[in-house]
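Numbering (my numbering), first residue to last: 654 to 827.
Built from N, CA and C at the ideal position, the CB exists for glycine as well.
Since this is a predicted model, take the numbers as computed values, not measurements.
Structure, as structure tokens:
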């Protein structure tokens, strides 16, 4: 009789442990889902930055074309006239401004690239966590199935014991 009382307690303890483990897994999954949402927001922001960078690169291309045209004009002016140093200084300022803008865009491009790498790394980490959780959940299901089979055996044994004790009570009562 002591053995039959210990088994349900043991099963109950194991079930409580599994419930706690399942709750922990769900909590971890919620945390990963929240992180995934943050990553999604970061991707949206990075996409907007990429669009801005593409626009800036297009502007640079146009500025390079204008610079090329200006350089041709300067060559013509130098060949045809003298004393145009003031205009050359202004042109130098335009070129310096363009160079500064190109440098700024280059820095922005590097920052965006770094952010995308961080996001990619974070996504890979999340995928690994989810795969690990999938394996853990599979093990939990297998354990629960095994416990269910044990419970069915215990129930069958208890029914058999009840039948035997019924017979003993019937004999003792006569």
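- Distance between residue 659 and residue 666, taken at the CA atoms: about 10 Å.
- A direct Cα-Cα distance of roughly 22 Å separates residue 787 from residue 693.
- Below 8 Å, too few C-beta pairs join the stretch 682-701 and the stretch 739-749 to call them touching: fewer than three.
- Its chain contains 741, 744 as the residues whose beta carbon lies nearer than 7 Å to that of residue 727, once the 5 sequence neighbours on both sides are disregarded; these appear in chain order.
- Counting only residues of its own chain and dropping the five nearest sequence neighbours on each side, residue 796 has a CB closer than 7 Å to the CB of 671.
- Between the beta-carbon of residue 772 and that of residue 699 there is about 7 Å, and that keeps the pair under the 8 Å contact cut.
- Excluding five sequence positions before and after residue 703, the CB atoms of its chain that fall closer than 7 Å to its own CB belong to 765, given in chain order.
- Just so you know, the alpha carbons of residue 684 and residue 779 end up roughly 10 Å apart.
- Excluding residues up to 5 positions away in sequence, 747, 748, 751 lie with their Cβ nearer than 8 Å to the Cβ of residue 720 in the same chain.
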